[in-house]
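Quick notes on the structure that follows.
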Amino acid sequence: MAAYTQLLYILLKIICFSPGLYAFNLFTKLPIVKNGPVDSYFGFSVEQHQMNNSGDVTRLDENLILVGAPRADSVFADFSSIQRPGAIYRCPLSTQTGDCQQLNIDQTPTSEEDKDDQWLGVTLSSQGPGGAVATCAHRLKKSQFKWGFGMCVILTKELNFQKRMEPCENKPVENGHLEYGYCQAGSSLDLAPNGDLLLGLPGIGNWRGSLLKSTVLRGLNIDKKTYSSLALEPKPTDTAVPPVGINSYLGLSTTYGKLINGQDTFVAGAPRSQNSGQVVLFRKPVSGSILEWEPEYILTGEGFGSMYGYAVAVIDLNNDKLDDLVVGAPYYVDKDQRQEKRAGGAIYVYLNGPGGITDRTVPKTILGRKMTEADCAKLTCEHAQFGLSLANMGDIDNDGYDDLAVGAPFEGDGAVYIYHGSQSGIQEEYSQRIEASDLALPSGMTAPTSFGYSLSGGRDLDNNKYNDLLIGAFQSNTAILLRAQPILRILVNWQDQPFKIDPESYECSDGTKLSCAIYRFCFKYVEPTNSFRDSIRMQYTFTVDSDSQIPRLKFANLPQDNMKDSEVTRTVDLAEAGKDVCLSEIAYVKNGTKEILRPIPFMLKWSLQEKTVPQPTIGGALPRMNDYPIIDSDKSKEEFTATFVKKCGSDDQCHSDLRVFAKFRKLQTDKDGTVVLKLGEDKEVLLDIDFSNMRESAYLATLTITHPPSFSYVGVEGKTRVCTRPIQDEPRRVCDMGNPYAQGASELLTLKFSTNKVTPQDSLIIDIQANTTSFDVDEGNNKFSLSLRPIIETDMLLRGGSAPEQLFYSGKVVGESEIKYEEQIGKEVNHTYEIINNGSGTVERVNIIVKWPYEVANNYEQGKHLLYLVHTPIVEGTVGKCNMKPGQVNPLGIKSNRTTGTTAKQDGDVINYSKRRRKREMVVPARTQKDESGREVKVVTMDCQAGTAKCITFNCSIGKMTTGDSAFVRVTARLWNSTFVEDYASVDYVEIFSYARLEIPAELNIIQLKTENDDTKVKTKAEPRLGLAPKSDVAWWIIVVAVAAGILLLVILILVLWKLGFFKRRRPEYEDMNATHAVRVEKKTKYDKVASDDF
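By UniProt numbering, the letter at position 188 of the sequence shown is numbered 188, and the numbering carries on one by one without gaps.
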């Protein structure tokens, strides 16, 4: 177990590393600001210079800021007549902003020289601590043609004039720019620590450009020879050729390193070569003075006009003792700029290797930062020129890897990005971004513009053993020195770090009757350079179980202002570097803690208490950076986890096997074996659940029952367990089964549910799930589902009656067109159908299908009216409605009464009901039967089922009916008197029948126990009124006499008309004319014969 604990300690003790957190140790709140003359371009070039290389921290006066101002006027009398020759300024480290002094380093011009706007100070380079300084004026003009030769000045470490160099002096200029006429020597400059001086001459050979290598050292063994690359157009006999074409501007940037197999390598940028730009790596030749190059040592950029090679820097990013190369392309524009806004520009990082850097080396490309479209518009991000300036800062944070500064001078007012080196090379995410607006400036000063145009790093000017960064902003004639803060590393040493907590041990070592864990740890700080040993005040925060909504542990002895009991924050003073300060914290297990399987996360993080930084003032003492240390944020917290002691196997893992089985108690099944719930009868459902665990202890064992929403939870029978509802109104219950639920344990739970809200349409499914935070070896038997089919067993009774049961008809026959009002039709009759729920359950909906006799049966579309519906049938006693088709109610539009003249309400649209004389196709014959007294009577039956009447069918929907409820469908009609008077005056009475049928929709899951009372028919008896003249049979002889009399009368009438000449007719004249003059014109056709034959 001890070995296991040790292994767990090693695995769980994590020193957190978050890529988004870095040591931001360039301090922007106390910058050293230097201002130069207006419009002097003060800050166009900057350089850190240390005259003393002894490392004496008391000699800050020998650490200087050098600033080039290429358009400054000279303050010296010999140059009073020269316009803006340019100057170099030396500035002390102070809080003064205007205490820079101009160096007297230039020589009085000769008669051949023109120093107006020569731009002295355009470039500036220091050899290093105790080394020389070089600066150039690339626009120095000579001769009558005013050629731009350029020149450079070498200074001693004390910044005194040492010598002047004119690389293009005495060079051919007859062809002007095609030769050395516009040499522009010193457009770039690098003075290497070994004394090598590299100068860029980009104007030679039609601006092809050239690189010159010389030295500033003296001595017998020093190679004082000058080397240069070919620039002029080669002759046909030449074997050596220039590395780039014309207009390439080779030499616009330059630097020195060991990039080719450990050999001295001279780097020159040609930002206009091949449209995108190139960088050429030169070596010193074995013989001769022409720098050697090979095609594989030419690096090519990407993107038209990106100016790849405008800036170059050598740096060891991964501390492999091999120089790496960084190339800037400030005009590069990302091809996806439309979709993703970025600062314009890019840098390319080439890591060195065994074979050196060649054109086969794949660089890591870092583009300008992403930003929103609004920020891009505000900062004119496409023109940021990220990569215009580069500086090797050395190891600014003392982590063993060199760091890189990159300028983007036109990203808004300008910005500088700091990138850290690492074992794998440059970290792609910048660690610090410094905007001009970030600077805390003395009162009255505004943020500089073009901030980051020039950079200089790699020197510790304030002697705190952390390198500083010098930044130029020539448009504001400003230079700013940002000093680095000391970086402290706070270490924690755990004296006692329990990884096991026993939740059942209630004897804490502090005497408290609670389960607890005591953590003892010590803090100390170290500073890698040993330059900082002051006392510091730090703050730590110890957090436990932050992943839990309700933390399971709490700390003891909390400060009064502490907000949470699971987190404690305290302040600690560390008196000096390397000295431990030890502390302890007690964490109690909270009462009622159940979740003990999940590990408990702990986090201890720390920080320094920040000191108030004063507003920078001009003329005060220079603040010390040691007063404002920071801690290494990469190592500012530790995380580990602890676990609870559990009743499980030796592997500390609990392998349980929960099982559930369930069934309903006392419920019946249907013929298909489905359990049914009889609504109205089964008032309660009892659910029996068998719960068991067949393996190791199951922690936080629960039983989840998801029931239908219409079930109302009552409780657990016997109250053996408590089942709660985790979410209000959710149909789910969770039963706590124990923590832990022991191995081999089992029990039976019976849950009760009320069914008073269940309807027959409900889907009744119960899902049961056993859960545990232990590892369940077989989750297949953790679940169980049951289903029920809700039904209603009922006896819905349908019966009907007529009111009145008997009525009379009499009077004369009246045609349809003469009937205007209801009372003209005949007597009113009502058929009422009563629906009664005699069952034990509630029926949500019932349909009553009515067949109504409206016409006498015949063989035509329309017959004679019988019971004429004058009103839409109504439902009484409950909610309901009769649904009528158009034309079924009052199709003739007869008005309801004479007083109001209103038409009886019609259901649906009025149809065009034909008011025509109805064919007397059929009169229903009477049948003779005996009545109750034994007398023979003549009876006519109007019945659609017997085929003697036509019936319309309509549906009445009846709403919810509980046990014992009744409802009525009332149909109001009028007996069509004329039909009965005309055809059935001689019968004793007429029987008219309507029918109704009860239907329960199948989807209601209702079982009708008795179906014999689902139908009914209602009879109305109509009798002729007494006194009505019956039709009698006529004697035969009367008929004979009547016929003979009629014939005799007809003969007499004919004789009279004959005597009067009625039958003499005269032929009309036009017939005579036609007979006399008619001529038949025959048409001669091939069918003439046929035609004549036809006639």
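We treat Cβ as the ideally placed atom computed from N, Cα and C, and that holds for glycine.
Under the three-state DSSP convention, the category residue i falls into
| i | result |
| --- | --- |
| V939 | strand |
| C944 | coil |
| E681 | coil |
| T928 | strand |
| M796 | strand |
| N557 | coil |
| M1073 | For M1073, the predicted structure reports a pLDDT of 39, less than 50, and the residue's modelled location is therefore unreliable. A value from the coordinates is still provided. Helix, per DSSP. |
| D573 | strand |
| P891 | coil |
| M603 | strand |
| N955 | strand |
| W1037 | helix |
| residue 1119 | Here the chain comprises residues numbered 1 to 1095, so residue 1119 is not present and cannot be evaluated. |
| A996 | strand |
| F775 | strand |
| D983 | helix |
Reference residue i; option with closest CA among the options
| i | options | result |
| --- | --- | --- |
| G86 | S650, P70 and E828 | P70 |
| T720 | L700, I689, D729 and P726 | I689 |
| L252 | D238, S94, K258 and C183 | C183 |
| Y525 | D573, V544 and K564 | D573 |
| K851 | A996, G959, Y821 and N890 | A996 |
| G457 | K142, A484, A436 and L140 | A484 |
| R789 | D682, T704 and I426 | D682 |
| P354 | S785, P109, D324 and H383 | D324 |
| A1002 | Y310, L281, E844 and Q862 | E844 |
| Q274 | T255, G309, I290 and S287 | G309 |
| Y331 | E294, S276 and S289 | S276 |
| Y809 | Y89, V241 and S986 | S986 |
| V716 | E696, M737 and S697 | M737 |
| L748 | N756, T755 and C735 | C735 |
| Q806 | Y180, V990 and E684 | V990 |
| A231 | K885, K171 and G578 | K171 |
| T215 | T239, C152, Q263 and N392 | C152 |
| K637 | F644, T543, K564 and K647 | T543 |
| R433 | I418, P442 and G425 | I418 |
| Q743 | T704, I836 and M694 | M694 |
Exposure of residue i, with buried meaning 16 or more beta-carbon neighbours within 10 Å
| i | result |
| --- | --- |
| A23 | Caution is warranted here: a pLDDT of 43 is assigned to A23, below 50, making its placement in the model unreliable, and the coordinate value is therefore given only provisionally. A23 comes out buried. |
| W1037 | exposed |
| A770 | buried |
| N35 | buried |
| I154 | buried |
| L1055 | exposed |
| A621 | exposed |
| V981 | buried |
Within 8 Å, strictly: CB atoms of residue i and residue j
| i | j | result |
| --- | --- | --- |
| Q48 | I32 | no |
| Q278 | G303 | no |
| E876 | R970 | yes |
| Q83 | A132 | no |
| F640 | Q497 | yes |
| I992 | I894 | no |
| K341 | T372 | yes |
| T123 | C136 | yes |
| P616 | L93 | no |
| S126 | L191 | yes |
| G150 | R139 | yes |
| P242 | P234 | yes |
| R90 | L159 | yes |
| Y453 | D460 | no |
| L439 | I396 | no |
Presumed contact (8 Å Cβ cut-off) between residue i and residue j, rounded CB distance
| i | j | result |
| --- | --- | --- |
| T1020 | V829 | 5 Å |
| L583 | S566 | About 18 Å separates the two Cβ atoms, so there is no contact after all. |
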